[in-house]
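What follows is one structure encoded as structure tokens, with my remarks underneath.
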Amino acid sequence: MRAFFISFLVLVTTSSSFAALVPISSLQARATRYDSFLDCLEHAGLFPIWEGQPAYASDIAPFNLRFSWKPAVILYPKDTTDVAAAVKCGATYGVKVNARSGGHSYAAFALGGENGHLTISLDNLRHLSVNGSTATIGAGNRLGDVALYLWNNGKRAMAHGTCPYVGIGGHAGQGGFGIPSRAWGLLADQVTSIQIVTADGAIRTASKTQNADLFWAATGAGAYFGIITQFTTVTHKAVDSVAFSYTFGNYGAEDASRGLLAWQRFANDPKRPLDANLGLQLHVNPGGPPSGISFSVSGSYYSADVAKLNATMAPLLAELGKPTATTLQPQGWITSVLYYAGAPDVSGLNTTLAPDAHDHFYATSTFVSEREPLGKPSTDALMKYFYGPGVKSEVGWFIIFDLYGGQKSAIRSLGADYNAFDARDALYSIQYYGSFPCTVSDADGIKFIQGMKAALEQNQPKTVFKEYVNYIDSTYSAAVAHKKYYPTHTERLTAIKNKYDPERVFHNPQDF
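Numbering (mature numbering (1 follows the signal peptide of the UniProt record, and there is no 0)) for the sequence shown: -19 to -1, 1 to 493.
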């Protein structure tokens, strides 16, 4: 019944040149071991799906279509007990394990980041409840469903990302930035406890007072330390806001460089610190004539009106000049969520009503710190790249600058070692993202996007730039990833990994 595992093992666990040298008896032994692994899952009532079954191909489709990893098995546990049983089977039979919450890992690490893993998809773990200001959230929930439920049950809210289909598991487990994060913190910062299955199959509660080392690691580097099946979080009163956007479609590269430097000064002016309720972004992306590039400043000012927004933004606009287009839109909370999600109504937040989209892309990032903001050589080079090669490229690219810091920011105020998230000193993040049409090879598309980051970072060579793990760069080795995402926390994270997962049951190519 499972004879396919002989061919699967030749394809997946050996190279093509080595496969011919492996004795058939060895392959048969491996197949028998995988057969026993499947028996373990079936005896636990877990209904594994493997290659050759009708649902396999659609079930393993990644968000990022640049990857085509083939898990040995994918399954859908109904509860935490099922997750624990699946982890035990993987550990017993030497099959590496990964969780899939929303499946939006830019490197498809929910599928292992390589062939032959066990993917535990958490789609059925969708419990949601609110008790006063506290929410309990199953790890199979997507951000849109969480936002809608909190709104419908007490007009509550949290800071989190804007895409409705992103799963809470990876988002909260590795940081989780949102437009209101300067006021309320990262999503990980709003988590007060978790239920997590560790590599030994134990179901543990972790918090600041219980399994505190595991909690510290799992709220910032969660994918490496276990499968979080439930989050307990604080929530906030849903507040009104004013959404704003100022577009400068007539900028050239020099104007845009000056604009970025002005935006950077405005974001961290010690004489005029920004209200934590101001969520602020800067966008650069292909646009219309005359330059072919759109440069815009946007965001939301929570608990504010238009007059307060205008007064706050006036110093920046005085430097940026007259916008070619302006949007000022007072919004209730759920309208704001829909606005950033690009959803016409609340049905767009219910991710059970329509399938998720997919893309063929590459992304990477840069954190710019408060200590070492960008200098003019970097901003000049970056904007010349956007307004030069960026205009000509067939890659569908966009760049988002997200304000994290400033004196009043809740992200900044928690301290460098609050949890495993390792960029409390960030003033802002930059996400570089490019979708590749069929006319652009992966190698050429990746080179084009990496050229953006190189233009910036190579013109500031003394600065050691950090990066955001939720914009994970799929080209990095483990050693490079640790330096970029966890430069001051790698040693501590490795020690915790050795304690809870010495055999690396939970594993991807950037593991500790």
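Yeah, the Cβ is synthetic: ideal placement off N, Cα and C, and Gly gets one too.
Asked                                                                                                  : Found
Alpha carbon of residue 420 to alpha carbon of residue 296, nearest angstrom                           : 44 Å
Beta-carbon proximity of residue 374 to residue 452, cut-off 7 Å                                       : no
Residue nearest to residue 310 in terms of C-alpha spacing, selected from 302, 282 and 463             : 282
Residue 185: first and last residue of the uninterrupted beta strand (DSSP E) it sits in               : 184 to 188
Where residue 326 falls, given that 16 or more other Cβ within 10 Å makes a residue buried             : exposed
Closest Cα partner of residue 24 within the set 477, 63 and 55                                         : 63
Helix, strand or coil at residue 329 [DSSP, three-state]                                               : helix
Cβ shell of residue 482 (< 6 Å), same chain only, five flanking positions each side left out           : 180
With 16 other Cβ atoms within 10 Å as the buried cut-off, status of residue 334                        : exposed
Uninterrupted alpha helix (DSSP H) stretches inside the stretch 14 to 83 (no shorter than 4 residues)  : 37 to 40 and 61 to 73
Enclosing alpha helix (DSSP H) for residue 162 [first to last residue]                                 : 162 to 165
Residue 155 beta carbon less than 7 Å from that of residue 97                                          : no
Where residue 141 falls, given that 16 or more other Cβ within 10 Å makes a residue buried             : buried
Of the residues 380, 212, 200 and 300, the one placed nearest residue 115, counting alpha carbons only : 212
Reduced DSSP category for residue 130 - H, G, I as helix; E, B as strand; rest coil                    : helix
Counterpart residues of residue 224 in DSSP-defined beta bridges                                       : 281 and 310
Close Cβ partners of residue 1 (< 6 Å) along its chain, the five nearest in sequence each way excluded : Low confidence applies here, because residue 1 scores a pLDDT of 47, under 50, leaving its location unreliable and the question unanswered by this model.
From 242, 60 and 313, residue whose alpha carbon lies closest to that of residue 278                   : 242
DSSP beta-bridge partners of residue 347                                                               : 411
Contact check, residue 415 vs residue 432, beta carbons under 7 Å                                      : no
Status (buried if at least 16 other CB within 10 Å, exposed otherwise) for residue -4                  : For residue -4, the predicted structure reports a pLDDT of 36, less than 50, and the residue's modelled location is therefore unreliable. The matter cannot be settled from this model.
Environment of residue 356 [buried if 16+ CB atoms lie within 10 Å]                                    : exposed
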